[in-house]
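Participant: Provided herewith is a single structure, encoded as structure tokens, for subsequent inquiry.
Structure representation (structure tokens):
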């Protein structure tokens, strides 16, 4: 099996991107990996047994090979052009940073709209 690789961002690089921002909104995705559905037909790859019963995940469980890389790719795809402009993402943690309160409100609304469009929920 060939593992898929997607680089997780370095925290130091993320902090450098904040720049002159002075207003921040922190967003945490609710049960992040469990928001990603397993491709239909691939559920058997997540199978496990307990006391004689077989279970298969329908959503991505923690600890699954490539789960962090797959999730980081999903979030970067969802928020795309906002990443270098006003958003810092590390797995299920999103930081919206802006120079003014008014701009932060607009940026946060856009982030929440995109998350809603992809059925991703925040805590």
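Numbering (the working numbering), first residue to last: 6 to 128.
Here a beta-carbon is modelled for each residue, glycine too, at the ideal position from N, C-alpha and C.
Since this is a predicted model, take the numbers as computed values, not measurements.
Buried or exposed: residue 52, going by 16 or more other Cβ atoms within 10 Å of its Cβ?
Facilitator: exposed
Participant: Could you work out which residue in 41, 98, 113, 90 is closest to residue 25 when comparing CA atoms only?
Facilitator: 90
Participant: Short of 6 Å in beta carbon distance, which residues of its chain neighbour residue 3, apart from the five on each side in sequence? Order them along the chain.
Facilitator: Outside the displayed span of the chain (6 to 128) sits residue 3, for which this structure offers no information.
Participant: In terms of residues, what are the limits of the alpha helix (DSSP H) holding residue 106?
Facilitator: 106-122
Participant: What does the alpha-carbon distance come out to for the pair residue 116 and residue 12?
Facilitator: For residue 116 and residue 12, the distance between alpha carbons rounds to 22 Å.
Participant: Using only CA atoms, which one of 62, 39, 40 lies nearest to residue 47?
Facilitator: Cα-wise, what sits closest to residue 47 is 62.
Participant: Give the list of continuous alpha helix (DSSP H) stretches no shorter than 4 residues that lie fully inside the stretch 75-101.
Facilitator: none
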